[in-house]
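J.:
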Amino acid sequence: MKNDFSVDTSKQVKNEFLKKIRVPLGIALLLTGIEVAAGIWMIVRRMMIPQWDDISIYEIGVRGLHYLCVICIFVSLIKVIYDEKPFSHTLVLCVRTICGLYLLGSILLPRLSGFETNYEIFSFGSFTLIDGNFLIRGLLLYVFSEIMYEGFSMQKDIEEIL
Numbered sequence: 420m421k422n423d424f425s426v427d428t429s430k431q432v433k434n435e436f437l438k439k440i441r442v443p444l445g446i447a448l449l450l451t452g453i454e455v456a457a458g459i460w461m462i463v464r465r466m467m468i469p470q471w472d473d474i475s476i477y478e479i480g481v482r483g484l485h486y487l488c489v490i491c492i493f494v495s496l497i498k499v500i501y502d503e504k505p506f507s508h509t510l511v512l513c514v515r516t517i518c519g520l521y522l523l524g525s526i527l528l529p530r531l532s533g534f535e536t537n538y539e540i541f542s543f544g545s546f547t548l549i550d551g552n553f554l555i556r557g558l559l560l561y562v563f564s565e566i567m568y569e570g571f572s573m574q575k576d577i578e579e580i581l
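Going by the working numbering, the first residue of the sequence shown is number 420, and it counts up by one from there.
(1) For residue 569, does the three-state DSSP call read helix, strand or coil?
(2) Write down the C-beta distance between residue 444 and residue 500 rounded to the nearest angstrom, noting that I regard them as a contact closer than 8 Å.
(3) Assuming residue 487 and residue 498 make a contact with CB atoms under 8 Å, what is their CB distance in whole Å?
(4) Quickly, what does DSSP pair residue 539 with across the bridge? List them, please.
(5) What residue does the alpha helix (DSSP H) around residue 530 start on, and which one ends it?
(6) Note down, in chain order, each residue of its chain lying with its Cβ closer than 6 Å to the Cβ of residue 553, except the 5 sequence neighbours on either side.
(7) Which of the three DSSP states is assigned to residue 495 in this structure?
(8) Could you tell me if the beta carbon of residue 489 falls within a distance shorter than 6 Å of some heavy atom in the ligand HEM?
(9) Return the chain-ordered list of same chain residues with a C-beta closer than 7 Å to the C-beta of residue 518, the five sequence neighbours on each side being excluded.
(10) Can you give the Cα-Cα distance for residue 435 and residue 464, rounded to whole angstroms?
(11) Would residue 531 pass as a contact of residue 476 if the rule is Cβ separation under 7 Å?
(12) Does DSSP classify residue 440 as helix, strand or coil?
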């Protein structure tokens, strides 16, 4: 019986996956950072000058949902760069948070004045129970978060073995 394994106790070099995506990751981090700053500036400006006549409450809700999602993405990108690992608990948590925001938005946003969509679910006259656009995004992100969680678990198992 031949034993073809070695017992190497030297420190293992981290996976170099960030080198492959360094430029797109840097651009994504820069653009999401700018969008987070712009979203914060929009909120501060709207609080100082309370003129909401130009946009509907529905549009404010959609923009708020968008900025919350961008903040989650920005945090997860920072975590990926900091850990130098493709999967992390924070990344899975951020995707699940965005999923929850979209699912909640699919139910709450149709209740706001100015609601418009091209994909309604359970619609009766002017009443719409669920916005299908946000529901599909939320469901797809849920499936994606489960896949990411499995990747995180596998990555954790491999690190424990090594």
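Quick reminder that beta carbons are idealized off the backbone N, C-alpha and C, glycines included.
T.: This is what the structure gives:
(1) In the sequence shown, residue 569 corresponds to position 150, counting from 1. Helix at residue 569.
(2) To locate residue 444, count along the sequence shown from 1; it is residue 25. To locate residue 500, count along the sequence shown from 1; it is residue 81. Cβ-Cβ separation between residue 444 and residue 500: approximately 7 Å, consistent with a contact (criterion under 8 Å).
(3) As a first step, residue 487 is located in the sequence shown; it is residue number 68 there, counting from the start. As a first step, residue 498 is located in the sequence shown; it is residue number 79 there, counting from the start. So it is not a contact: roughly 17 Å between Cβ atoms.
(4) Numbered from its first residue, the sequence shown carries residue 539 at position 120. Note: residue 539 is bridge-paired with 550 in the DSSP secondary-structure output.
(5) For this step, residue 530 is matched to residue 111 along the sequence shown. Where residue 530 is concerned, there is no enclosing alpha helix (DSSP H), given that its DSSP letter is neither H nor E.
(6) For the purposes of this step, residue 553 is taken as the residue at position 134 of the sequence shown. Excluding positions up to five away in sequence, the list reads 521, 524 and 525.
(7) Locating residue 495 in the sequence shown gives position 76, where the first residue counts as 1. The answer is helix: DSSP assigns residue 495 an H, G or I state.
(8) No copy of the ligand HEM occurs in the structure displayed, which carries no ligand at all.
(9) Locating residue 518 in the sequence shown gives position 99, counting from the first residue. Annotation for residue 518: 557, 560, 561 and 564 place their beta carbon closer than 7 Å to its own, counting only its chain and skipping 5 residues before and after.
(10) Sequence index remark: in the sequence shown, residue 435 carries index 16 (1-based). Sequence index remark: in the sequence shown, residue 464 carries index 45 (1-based). The C-alpha of residue 464 is placed about 42 Å away from the C-alpha of residue 435.
(11) Residue 531 sits at position 112 when you count from the first residue of the sequence shown. Residue 476 sits at position 57 when you count from the first residue of the sequence shown. Going by C-beta atoms, residue 531 is nearer than 7 Å to residue 476.
(12) Indexing the sequence shown from 1 puts residue 440 at position 21. Residue 440 sits in coil when the DSSP states are folded into three classes, being neither helix nor strand.
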